[in-house]
Amino acid sequence: MNPTKSASSKSYLFQVEMLVEGTDNGDALEQIVHALNQLNLADYRILSGIQLGSIIDQRKLEADSHTAIPVHTKQETAKPVQKAAQQQTENGFESIRIYMKSNKLIRLIVNKGFGVKLSIPCRIINFDEDTNVVTVYHVDEKQVYTFRLNEIEDFQE
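If you count by this note's numbering, then the sequence shown holds residues 439 to 595, one letter each, in order.
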């Protein structure tokens, strides 16, 4: 569709929603494309098409009343779970702190994504709990690297 522009013509863009009835979604789409091709349009784009949920609408009409679902909240049970999660996180961080303080040589297994895994012999230099970032010194390459905790799969001694 290559529109020919005259000196006085301008272009306008409209967003339109259409309801087309057909035997199925493909039939309705075919009707729209056929109708749009018959018009003298410079260009058009069909962004999406959905079939209306007639069963959902029918069930909404048939529903007599809304049933309230009771929600039971026990704050007593929520607190121990939170404490357990916090304690588990502190225990995980504690092993990192021990490696860092002892300056122990460890091997990090790091997953950088897209199937790239690194096995790095290193010493932990720094650990920032707020940002969950571990800074390590690669003993073979004599380079400093920074990894997020979600990239680290394992610590091996």
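Heads up, the beta-carbon is just placed ideally off N, CA and C, and yes, glycines get one too.
No experiment lies behind these values; they were computed from the predicted model shown.
- Residue pairing for S449: DSSP places it in no beta bridge.
- Relative to the Cα of E459, the nearest Cα in the group Q469, L451, Q453, Y450 belongs to Q469.
- Here F593 has I544 as same chain residues with Cβ atoms under 6 Å from its own Cβ, once five neighbours each way along the sequence are excluded.
- Here the alpha carbon of V454 sits roughly 21 Å from the alpha carbon of D462.
- Counting along the chain, V458 sits inside no beta strand (DSSP E), nor does DSSP assign it H or E at all.
- For P559, the uninterrupted beta strand (DSSP E) segment begins and ends at 554-566.
- Collapsing the DSSP output to three states places E500 in a helix.
- Boundaries of the beta strand (DSSP E) around E591: 590-594.
- In this structure, I558 sits away from Y537, with a CB-CB distance that is not shorter than 7 Å.
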